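Same order as they appear, the protein sequences are chains A and Z. Read in the UniProt record's numbering, the first sequence has 371 at position 371, and its numbers run on one by one without any break. Read in the UniProt record's numbering, the second sequence has 285 at position 285, and its numbers run on one by one without any break. C-beta atoms are modelled at their ideal positions from N, C-alpha and C, and glycine is treated no differently. Remember, it's a predicted structure, so these values are computed and weren't measured experimentally. Single-structure report; data block below.
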Amino acid sequence: MHRCAICQTNRAQVIRPKNGQKICKSCFLEVFELEVHTTIVENNIFPRRGERVAIGASGGKDSTVLAATLKALNERYDYGVEFVLLSIDEGIHGYRDDSLETVKRNAVQYGMELCIVGYDTLYGWTMDKVVEKIGKKGNCTYCGVFRRQALDRGAKRLDISHILTGHNADDIAETVLMNFLRGDLPRLGRCAEIMTASATSPMRRSKPLKYAYEKEIVLYAHYRELDYFSTECVYSPEAFRGNARSLLKELEKIRPSSVLDIVRSGEQLVHDVKSPSKPGCGERNGCRGQDKGSVSGSQVMSTEPATLKLLQGAAQTNDGAGIQTIGVCGKCGYMSSQPICKACVLVDSLNKTEPPVEVSLTGNMISIEVSGGILI
Amino acid sequence: MEFEITMADIANRPRPAAQNLCKRCKVNPPDITMRHEAICWTCFQIYIRTKFTRHMEPYKVKKGNLSTKKLLLATSLGVSSTVLLDTLYWHRSLQIERAKRSKYDVCVVHIDETAVTGNATNTTPDTAATTTSVDECIEKLKENYPQFEFIRVPLEEIYTISGNTTVEEIASTAAGLTLDSTSTSPSSSTPLTKLCTLLSSLNSRASQMDLINILRTRLLVEIAKQRNCEAIFFGDTMTKMAAMVLAEVTKGRGHALPWLISDGPTPYGPQLIIRPFRELSKSEIISYTTFASLWPFSIISQETATTAPKPPIKAKNQTIDEIMQKFFDDFSNSHLSTNVVKTAEKLDFADDRDRAQRLGLCEICGLPMDEDPRVRKLKNIVKVDEKGEEGSGSSNGSGSVSDADARIYCLEPPVGEEGLKERRCYGCRRSTLGAGKIDWPVNNR
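Shown next as structure tokens:
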């Protein structure tokens, strides 16, 4: 019998994916929570007592574990903050409606307030309708842009300026690899940051599970018997992310710390992209003059909808200038670095090409109401 | 009825000639489709050579300047190395033909790792075959490129060669003396056993290959120093470099990326690193090898280079570099290599020099040390929160951070090596995790 490497008394039940350490169940739970606590303290995630903080809750394993750990840690270490669950209803039948039920149960279990914001009320489009229109390919772009703004708007409604998300170490490592593969320098610089407050969003966003392995999150949820929803989104998972994901899985097999190591590398890149125009060790980079980034970028994304290229172009101009100027979207009045915010650009593209037949086909009350409202 | 032939008619007219001719010279029939362009072999060769020549600006023959430079060409005897050798030979021959002299002499160096990788690579069936073919291959190269000097240096030489250079440097620095006395402390073991001891103390083949890569580069720099070579040429293609970038990111060396992939001087010395094929893809190099009939001069057979790699016998025993290389060799991913390399090239390390001065160089890889991202963050927090009273997170900052290094990154320093964090970068600490005290052959300058 293997004894736990930490307490040396109980039987080891868990092999930690991070370092292969064999430990017992109670030590695992303790170590996991302690790591999240360390992350919170060292990054000063809760700088003020009495603050109300939103947890972006999807009902999935990550956000459920996040809510459960934070509730426990808040009681144990007295952060003095109040948590509110903030959920986004993308309008995906057979996926989100079920997972929202989980969130509703979680709200009761953890005694937290719950706020649900729907795409249909914000944009007049549910994801079901978006997919019906543009197909499964590239729909994640719409969902991602919509969600980002929806979270902000939901938090604003709650008078909250800090959102916690359940991104785990695997997510961040994948994103680092992905941003390299698609040549997205500006995003590469910020994707590994634990806390972000961008110019286009008044919200602070933090990822307290940034160093937690996906496998450990599943294990934690299992041992704590958490109530979570484990179905994948019914629409195609991002193909490009899938590519990075399978690469990461292969790397993890030969060196389990790879996930953390990539996160660490990503953190180092944060610092450097921020000041691209400063005179530094420029003379070493002989090839910096030949800037073909935009060309190669579009090469990869050529299968994606045209709007995405538009967005990419916008991101690149931001990079060149170094400073984002914050303005207000001319359409919806929301904060934006462009004359019209990304969400409005996407909604417009959906409405513009909307053939009139579609409306009569869907034919129910809501869709007529909505399309009418936007057309006028 | 004046315009019986409209523009549309002209556009629709069949164009018999253009279809079947090379898009560039419009003379020969096309032989290869390169970057969506069907071109002939001659134009393809011009293309490859133009990309190469762009990096040869400092090595042009100039009037009135009769000096000759020495260049070191690192060869793995693989496809890219061989094409580079051939192209360099062409370039130099052209100089002699046109100017009756050449600006440079070339020393071709092959680092022989068979003594240490022979048993580690589990592809046993052909290890014996490769060792013989290395000799054969070098002999063939010597015959075919008589104006180049060829040497073969075993990797374990790093234990003796760097000792020699420090002997020379003892006079100049007192610090060098103290460092040197520890590294050359009387030990009866041979360089090879020292190297084997070092490698066997590492916990995986991935870590072994990582350190072998570092040692190879450092040995090449030492050889270049010894032979007064101004620059070291590598045959790395865009595809290979993309794999390198992501492999180093995976090893946790994001902080050193510019040093690892850009051409120019290294922290190891003034010798320049030049990768003239950095804009060419591996498939282009393979096509070129076939076209120029260079296959006999490489230890990689045409078959192995052009067929899809077999799944590894032991998936767990692969190295990070191998996985990345496989990823980019895969046809469906090869187009991504441009993005990866161009993005990595654009990373600018504004605090690089400052970091190197403040934190020094890593004792293993010899590149500027990284800074704990949380230390940096804590510094900022202290500044921001000066007025706030809850400085609890920042006051015990340094203590909790070192603690977190073990807790969050699972990088506990070995017993008795607590200060390792200040001397070894994250990536090297990861690769040497659990190795205990190691006898590292090279010192930083």
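I want to see whether chain A comes within less than 9 Å of residue i, judged by CB atoms only; does it?
i: threonine 319 of chain Z; result: yes
i: phenylalanine 277 of chain Z; result: no
i: arginine 423 of chain Z; result: no
i: cysteine 365 of chain Z; result: no
i: serine 204 of chain Z; result: yes
i: threonine 239 of chain Z; result: no
i: phenylalanine 327 of chain Z; result: yes
i: lysine 69 of chain Z; result: no
i: asparagine 213 of chain Z; result: no
i: valine 245 of chain Z; result: yes
i: threonine 333 of chain Z; result: Residue 333 of chain Z is actually asparagine in this sequence, not threonine. Yes, asparagine 333 of chain Z counts as interfacial toward chain A.
i: lysine 51 of chain Z; result: no
i: glutamate 386 of chain Z; result: Residue placement at glutamate 386 of chain Z is poorly supported in this model, since its pLDDT is 40, which falls under 50; the coordinates are not used for a value here.
i: leucine 336 of chain Z; result: yes
Am I right that residue i and residue j are in contact with their C-beta atoms under 8 Å? What's the rounded C-beta distance?
i: threonine 39 of chain A; j: tyrosine 235 of chain A; result: That belief does not hold up - the Cβ atoms of threonine 39 of chain A and tyrosine 235 of chain A are roughly 32 Å apart, past 8 Å.
i: isoleucine 370 of chain Z; j: leucine 198 of chain Z; result: Note that residue 370 of chain Z is aspartate in the sequence shown, not isoleucine. About 23 Å; that fails the 8 Å criterion.
i: cysteine 192 of chain A; j: leucine 248 of chain A; result: For clarity, residue 192 of chain A is alanine in the given sequence; the question names cysteine instead. At roughly 14 Å, the Cβ-Cβ gap does not stay under 8 Å, so alanine 192 of chain A and leucine 248 of chain A are not in contact.
i: arginine 61 of chain A; j: valine 263 of chain A; result: Just to set this straight, residue 61 of chain A is lysine in the shown sequence, not arginine. Rounded, the Cβ-Cβ distance is 19 Å, inconsistent with contact.
i: lysine 342 of chain Z; j: glycine 189 of chain A; result: That belief does not hold up - the Cβ atoms of lysine 342 of chain Z and glycine 189 of chain A are roughly 15 Å apart, past 8 Å.
i: alanine 68 of chain A; j: leucine 226 of chain A; result: 6 Å
i: valine 131 of chain A; j: leucine 73 of chain A; result: About 38 Å separates the two Cβ atoms, so there is no contact after all.
i: tyrosine 334 of chain A; j: phenylalanine 32 of chain A; result: Between phenylalanine 32 of chain A and tyrosine 334 of chain A the Cβ distance is about 37 Å, and since that is not below 8 Å, they are no contact.
i: valine 108 of chain A; j: glycine 154 of chain A; result: Not really, about 19 Å apart at Cβ, beyond 8 Å.
i: phenylalanine 240 of chain A; j: methionine 195 of chain A; result: With a Cβ gap of about 26 Å, phenylalanine 240 of chain A and methionine 195 of chain A do not count as contacting.
Counting only beta-carbon atoms, is residue i nearer than 9 Å to chain Z?
i: glutamate 30 of chain A; result: no
i: leucine 209 of chain A; result: no
i: asparagine 74 of chain A; result: no
i: threonine 362 of chain A; result: Note that threonine 362 of chain A scores 37 on pLDDT, short of 50, meaning its location in the model is unreliable and no value can be drawn from it.
i: leucine 260 of chain A; result: yes
i: arginine 52 of chain A; result: no
i: residue 377 of chain A; result: Chain A is shown only over 1 to 376; residue 377 of chain A falls outside these bounds and no answer can be derived.
i: serine 206 of chain A; result: no
i: lysine 253 of chain A; result: yes
i: leucine 158 of chain A; result: no
i: glutamate 250 of chain A; result: yes
i: glycine 266 of chain A; result: yes
i: threonine 39 of chain A; result: yes
i: serine 230 of chain A; result: no
i: asparagine 168 of chain A; result: no
i: leucine 70 of chain A; result: no
i: cysteine 27 of chain A; result: no
i: leucine 269 of chain A; result: yes
Are the Cβ atoms of residue i and residue j separated by less than 9 Å?
i: cysteine 229 of chain Z; j: leucine 420 of chain Z; result: no
i: tyrosine 59 of chain Z; j: tyrosine 104 of chain Z; result: yes
i: leucine 260 of chain Z; j: leucine 367 of chain Z; result: yes
i: aspartate 89 of chain A; j: aspartate 128 of chain A; result: no
i: glutamine 208 of chain Z; j: isoleucine 232 of chain Z; result: no
i: valine 61 of chain Z; j: leucine 88 of chain Z; result: no
i: lysine 282 of chain Z; j: aspartate 330 of chain Z; result: no
i: leucine 141 of chain Z; j: leucine 202 of chain Z; result: no
i: arginine 3 of chain A; j: threonine 9 of chain A; result: yes
i: alanine 11 of chain Z; j: glycine 235 of chain Z; result: no
i: glycine 252 of chain Z; j: glycine 434 of chain Z; result: no
Compute every distance between the C-beta of residue i and the non-hydrogen atoms of the ligand NAP, then say whether any falls below 8 Å.
i: glutamate 250 of chain A; result: By its list of ligands, the structure shown contains no ligand whatsoever, and the ligand NAP lies outside what it can speak to.
Taking a Cβ distance cut-off of 8 Å, strictly less, list which residues of the region 176-188 of chain A are near chain Z, in chain order. Answer set for the region 176-188 of chain A: Val176, Leu177, Asn179, Phe180, Leu181, Arg182, Gly183, Asp184, Leu185 and Leu188.
Would you say the region 289-301 of chain Z touches the region 92-99 of chain Z, given that touching needs at least three Cβ pairs under 8 Å? Counting Cβ pairs under 8 Å, fewer than three are found: no touch.
The region 297-304 of chain Z in contact with the region 70-86 of chain Z per 3-pair CB rule at 8 Å: Short answer: they touch.
Please confirm if the region 327-342 of chain Z is in contact with the region 188-195 of chain Z, defined as three or more CB-CB distances below 8 Å between the two stretches. No: fewer than three Cβ pairs fall under 8 Å.
Where the region 2-25 of chain A meets chain Z: residues whose CB sits under 7 Å from a CB there: Within the region 2-25 of chain A, Lys18 and Asn19 place their CB atoms closer than 7 Å to a CB of chain Z, listed in sequence order.
For the region 405-434 of chain Z, which residues have a beta carbon sitting closer than 7 Å to at least one beta carbon of chain A? Cβ contacts with chain A: Arg407, Ile408, Tyr409, Cys410, Tyr426 and Arg430.
Take every Cβ of the region 317-335 of chain Z, pair it with every Cβ of the region 237-248 of chain Z, and state whether three or more of those distances are shorter than 8 Å. Note that the region 317-335 of chain Z touches the region 237-248 of chain Z; at least 3 beta-carbon pairs, one per stretch, sit closer than 8 Å.
Taking contact to mean 3 or more Cβ pairs, one atom from each stretch, closer than 8 Å, check whether the region 62-82 of chain A and the region 131-150 of chain A are in contact. These segments do not touch.
So if I threshold CB-CB distances at 8 Å, which residues from the region 340-358 of chain Z count as touching chain A? When C-beta distances to chain A are compared with 8 Å, the residues of the region 340-358 of chain Z below that value are Val340, Lys342, Thr343, Ala344, Glu345, Lys346, Leu347, Asp348, Phe349, Ala350, Asp351, Asp352 and Arg353, in chain order.
Three CB pairs or more closer than 8 Å across the region 155-162 of chain A and the region 97-111 of chain A: Result no; under three Cβ-Cβ pairs closer than 8 Å.
Residues within the region 248-264 of chain Z neighbouring chain A, beta-carbon criterion of under 9 Å: Residues of the region 248-264 of chain Z that bring their beta carbon within less than 9 Å of a beta carbon in chain A comprise Glu248, Val249, Thr250, Lys251, Gly252, Arg253, Gly254, His255, Ala256, Leu257, Pro258, Trp259, Ser262, Asp263 and Gly264, in sequence order.
Taking contact to mean at least 3 C-beta pairs separated by less than 8 Å, is the region 262-276 of chain Z in contact with the region 111-118 of chain Z? No, the region 262-276 of chain Z does not touch the region 111-118 of chain Z.
Within 7 Å of chain A by C-beta, residues of the region 281-297 of chain Z in sequence order: Flagged: no residues at all.
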